[in-house]
Structures are given as structure tokens and as C-alpha cells.
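Trainee:
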Amino acid sequence: MNIKLLSFGCCCLVLSPICSAKHDWFVRPYIGLSQMSDMTLVAQNVESQTGNSDIQLDGGFVSGLGVGYVVHNNLAIELAWEYRSNESTTSLPSINSPYEGNIASNLFFLNTYYVFNTPSSWQPYIGAGVSWAQEVDIDLEEQGAERSYSSDGDTGYQVFAGMLFKVDDTWSWQGEVRYGQMKDITLNAESGTGEFNNLDYDTLTLQLSAVYHF
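Residues -21 to -1, 1 to 193 (mature numbering (1 follows the signal peptide of the UniProt record, and there is no 0)) make up the sequence shown, in order.
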């Protein structure tokens, strides 16, 4: 089903029968600040520990690239890729010293935008999308050694709102706030044994985009 969603998005972008219209396509690189909710999850034989574990998360960054098509004056679709990373501190049962590290993800999105008409160059917009994880992973670091736990193929959603400033028919800027969620992820050890269960991946993003229409 995940592959079908991505294939559908690609087909919408590539096979649109009216793709020759001027400035209907756009490309949108973006960078931003990443905030994530602290996590409570279950460790299974992680560093020989089993039980409830806590992950405290600091601020991080996000970067990505979207390619989209304006279906109508107010409506657009987009296929986007994103990398996100946040510093983490992981506490395991019966271990007093927490593990430093980071949690990161490579995600793909199929998004829909609706832009509101205004008499000025400033235009608010809202949108929503479905997400597919190429990878979500967490690293536990101790005395120079690193152990990684990861997952792939998880799905979720995101909603967002922002403000667009139209410079001209070709260029515009976007400021955006975005909330995303993937639930009940299992991270398996990339080497050896052990896993983290019941991880909820909740993200809040504040980002800036430069949009080029062609």
C-alpha cells in the first residue's frame, strides 16, 4: 500500500495532462527547526535490559526538498523528501547512566495544499499529507561506541499551515508550521539483539522554504 501511495503521487506529478501550462510546476527546498515530544517506550533486551524506557529529546533540524504541481489556482499537490535529526538522551531500566545519541529519520510525503486568495502578495495556506518512512533510527552512544536501532516502512500523516509571500510569477517564499505523527514504531537492533517497542514519533516543525515555479 505504501508503494502504491508513492507511485500514485509520482503519476500525478509526471502524467498530468495539462503539465504544459506556464508555471504550474514548482520545486521547494526547505530548512527548519525540529521539536519532538519526549518518548516513553518499551525496551526488549536492549543492553540486556527489558522494561519501560524514556527518551528525552532536544531541539534539532530538518531539511528537505519537494516537487509539486499546481492543479488549480488554489490547489497543489507535492511529493517531498525530508531528513530530520534531534539529539536524544535514553534512559534504560536498571541503568543509572543514560545514553547520549540522536534520533533521525528519512521520510517521504504526498502532500496537498490549499492557498487562499488575497488582494496582496501575502497568501495564507493550509495542507495535509501522508508520510512513509524510509528509515527511523536511534543511536545509543557510550565511550565512543555506537549502537543503532532502526525501522522502515512505517506510515503516518502530517498537517500544516503557513504564509506565502509572492515575489513574482516565478519566485515565492513560504514560512510554515507543521505537525506530524507516526505511531507504534518498533526499532530493531541493526546488529545483535534487542528492540524498542511502542515508539510514537510526534514532530513539530518551523520551517522556511524558497519556491521556484516553472
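The beta-carbon is built from N, C-alpha and C at its ideal position, and this holds for glycine as well. Owing to the predicted nature of the structure, the values given are computational and were not obtained by experimental measurement.
Among the residues of its own chain, which have a CB less than 6 Å from the CB of Y35, if the five just before and after it don't count?
Mentor: This sequence places Gln at residue 35; Tyr is not what is there. Closer than 6 Å at Cβ, skipping near neighbours: D17, T68.
Trainee: Fully enclosed by the segment 3 to 79, which beta strand (DSSP E) runs are 3 residues long or longer?
Mentor: Whole beta strand (DSSP E) segments, 3+ residues: 4 to 15, 18 to 25, 28 to 49, 54 to 70.
Trainee: Mind checking N65: buried by the 16 CB within 10 Å criterion, or exposed?
Mentor: N65 comes out buried.
Trainee: Assuming E26 and I82 are in contact, meaning their beta carbons sit under 8 Å apart, how far apart are those beta carbons, in whole angstroms?
Mentor: Not really, about 17 Å apart at Cβ, beyond 8 Å.
Trainee: Using a Cβ-Cβ cut-off of 7 Å (strictly less than) and excluding sequence neighbours within five positions of S100, which residues of its own chain qualify?
Mentor: The residues are F144, K145.
Trainee: Starting from the C-beta of L118, find all residues in its chain whose C-beta is less than 6 Å away, skip the five residues before and the five after it, and write them out in chain order.
Mentor: Sequence check: residue 118 is Asp here, not Leu. So the qualifying residues of the chain are G80, N81, E125, S127.
Trainee: Look at the Cβ atom of L183, then the Cβ atom of I10, and state whether they are nearer than 8 Å.
Mentor: Cβ distance not < 8 Å, so L183 and I10 don't count as in contact.
Trainee: Between Y158 and the rest of its own chain, which residues show a CB-CB distance below 6 Å, the 5 nearest in sequence each way excluded?
Mentor: Once the five neighbours on either side are set aside, the close Cβ partners of Y158 are V138, L183.
Trainee: Which same chain residues, not among the five before or five after V6, have their C-beta less than 6 Å away from its C-beta?
Mentor: Hits under 6 Å: V46, Y191.
Trainee: Determine which residues share a DSSP beta bridge with T97 and list them.
Mentor: For T97, which the question treats as bridged, DSSP gives no partner whatsoever.
Trainee: Classify G43 as buried or exposed, calling it buried when 16 or more other Cβ atoms lie within 10 Å of its own Cβ.
Mentor: So G43 counts as buried.
Trainee: DSSP puts S130 in a beta bridge; with which residues?
Mentor: According to DSSP, S130 bridges with V115.
Trainee: Please work out which residues of its chain come closer than 6 Å, Cβ to Cβ, to D33, disregarding the five sequence neighbours upstream and downstream, and give them in chain order.
Mentor: Around D33: T19, S70.
Trainee: Between which two residues does the beta strand (DSSP E) carrying D147 extend?
Mentor: Neither: D147 is in no beta strand (DSSP E) and is coded neither H nor E.
Trainee: How long is the line joining the alpha carbons of N96 and N90, rounded to whole angstroms?
Mentor: Between N96 and N90, the C-alpha separation is close to 20 Å.
Trainee: Hey, Y92 and E57: beta-carbon distance below 8 Å or not?
Mentor: Cβ atoms of Y92 and E57: closer than 8 Å.
Trainee: Taking the C-alpha atoms as reference points, what is the distance between G141 and Y104?
Mentor: Using only the alpha carbons, I get a separation of about 5 Å.
Trainee: Starting from E174 and walking both ways along the beta strand (DSSP E), at which residues does that stretch end?
Mentor: 174 to 192 is the span of the beta strand (DSSP E), which, as asked, contains E174.
Trainee: Judging by CA-CA distance, which residue of D181, A189, G171 is the nearest neighbour of S151?
Mentor: Considering only alpha carbons, the answer is A189.
Trainee: Identify the residues that DSSP records as bridge partners of Q137: which are they?
Mentor: Paired residues: G108, G159.
Trainee: Roughly how many angstroms separate the alpha carbons of D3 and G106, rounded to a whole number?
Mentor: About 18 Å.
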